[in-house]
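Residue numbers (this note's numbering): -1 to 491.
See below:
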């Protein structure tokens, strides 16, 4: 497990970050970590650092070099066994390979770029699915193919022999024999490779489709095909791409083929559909690999998702998080961060916030409950804190006073939503209570009417619209009395 990110210097917004303990967080990550960041504060940089550490790829850090400092990037990360992973002198001291990372680049690296399967994505998908075993077949295959092409090249002059020119039989016979042997060797290799790859492909397709039934049931992966290269059959095994069925129609990540009536992703899938496909594919890979010894990282997995897909994503991620060794989720959506935190509340969750202080981004503990609470709840908390602990300044007194009327408005509008309009102020509500008659629901507030009127009268001159009001005119004792009355009235409502 990752224990701490000790320091990040000269990487993106993290020009000079060093871990420091605080009241909310001592800098140590837990099994479950929810990291919230506003746009531009460094979330993507953190993901790039982790991806670089996983693959031991310095370019993913160097491309994020901080332009403002001019210094070389340096990073120090510690795991829970006190092993250090240091990036300096343009490289990592060692990789942390047991990470699996999902971000927007997962799509571009392995599935499609834009709406088309490119050479890069086809080769990336091949490597993702088949790993070192597939690469070993590829290495042997490319060597044999190179020999085959060389023999074919040697035959070209003889095939272009002009009529009447004496034929040199011996060289042709020799080359053809060598070509036949190398072709047979290649066919044997391809046959062995297919025996190796087909079960992997079949399992990936099956589990991906199981996840798609949850996120996009009208999409189905129909195949993992190999890309033809140079017009020769043997090149197909080294580049892989998806084929789909969407609403009963065949779809490919290739240029539209109107003759075969095969559709194109560009004109068929929404951005949300593409994200659902990518997430389903990634979750299937995790299920196949197993996650008990994995550090799993998700960077904005709900991109372009509607509410239903977000809910299903939260459920799936929560299930996964409980199984893996360590779980990180990074997001710009604070309410998604809150929902996943609540969903995982049966486990110990560490909430972290990425914040830019004008000089460098930092990782701080995050009180997500306070930051995401409703306006009404916030106002009640502020007033109750004043009742319990008093205020520290005249400006605080003004802030507290200006919470009183909205508390009553919010409570009445919420409970009596069918009697009170959203744009009604407390004065309007008071008049409606006065005009109400038994058995109207709003008439139930008649016993509280005088207290509501008194609170409204007390706050009138201190409302936001009164620009001439000065905080030093507030009587702290009177404010305390009305604060208590407001909270008592709120609970009676």
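Backbone N, C-alpha and C fix where the C-beta goes; we use that ideal spot for every residue, glycine too.
Only counting the same chain, and skipping five residues up and downstream in sequence, which positions put a Cβ closer than 7 Å to that of residue i?
i	result
residue 43	9, 10, 11, 12, 62
residue 269	302
residue 360	15, 353
residue 57	none
residue 263	110, 113, 249, 251
residue 329	34, 298, 335
residue 176	149
residue 124	132, 236, 237, 238
Does DSSP put residue i in a helix, in a strand, or in coil?
i	result
residue 39	coil
residue 479	helix
residue 323	coil
residue 214	coil
residue 346	coil
residue 408	helix
residue 63	strand
residue 94	coil
residue 1	strand
residue 441	helix
residue 472	coil
residue 226	Here the model assigns residue 226 a pLDDT of 49, short of 50, so the residue's position is not dependable and the matter cannot be decided.
residue 361	strand
residue 489	helix
residue 242	strand
residue 312	helix
residue 351	strand
residue 463	Legend: pLDDT at residue 463 = 45, less than 50; position of this residue unreliable, no value from coordinates given.
residue 82	strand
residue 186	helix
residue 87	coil
residue 99	strand
residue 199	helix
residue 68	coil
residue 147	helix
residue 21	coil
residue 395	helix
Just to confirm the assignment, what range does the beta strand (DSSP E) spanning residue i have?
i	result
residue 369	That residue, residue 369, is in no beta strand (DSSP E); its alpha helix (DSSP H) goes 366 to 370.
residue 13	12 to 16
residue 235	Taken as a continuous stretch (DSSP letters only), residue 235 belongs to no beta strand (DSSP E), as it is neither H nor E.
residue 76	72 to 77
residue 247	247 to 250
residue 383	Careful: residue 383 lies outside any beta strand (DSSP E), inside the alpha helix (DSSP H) at 373 to 387.
residue 418	Run containing residue 418: none; DSSP gives neither H nor E here.
residue 296	293 to 297
Can you find the residues in the same chain that come closer than 8 Å, C-beta to C-beta, to residue i, ignoring five residues on each side of it along the sequence?
i	result
residue 217	210, 242, 243, 244, 267, 271, 274, 275
residue 371	379
Just checking my contact of residue i with residue j at CB under 8 Å: how many whole Å lie between their CB atoms?
i	j	result
residue 0	residue 77	6 Å
residue 344	residue 315	With 8 Å as the limit, residue 344 and residue 315 do not qualify as a contact, their Cβ atoms being about 14 Å apart.
residue 184	residue 146	6 Å
residue 427	residue 410	6 Å
What's the call for residue i, buried or exposed, on a 16-neighbour Cβ count within 10 Å?
i	result
residue 298	buried
residue 453	buried
residue 143	buried
residue 46	buried
residue 333	exposed
residue 312	buried
residue 90	buried
residue 101	buried
residue 21	exposed
residue 41	buried
residue 462	Reliability of the predicted coordinates at residue 462 is poor, the pLDDT of 48 falling under 50, and the value obtained from them is presented with this limitation in mind. The residue is exposed, with fewer than 16 neighbouring Cβ atoms inside 10 Å.
residue 50	buried
residue 458	exposed
residue 80	exposed
residue 415	exposed
residue 196	exposed
residue 367	exposed
residue 139	buried
residue 473	exposed
residue 135	buried
residue 247	exposed
residue 465	With a pLDDT of 45 at residue 465, under the threshold of 50, the modelled position of that residue is not reliable, and no figure is offered here.
Tell me where the alpha helix (DSSP H) around residue i begins and ends.
i	result
residue 28	Careful: residue 28 lies outside any alpha helix (DSSP H) and carries neither H nor E.
residue 337	332 to 341
residue 279	269 to 287
residue 108	102 to 108
residue 424	424 to 433
residue 456	447 to 458
Here's a check: name, in chain order, each residue in its chain whose Cβ is nearer than 6 Å to the Cβ of residue i, leaving out the five neighbours to either side.
i	result
residue 206	219, 278, 279, 282
residue 221	241
residue 408	374
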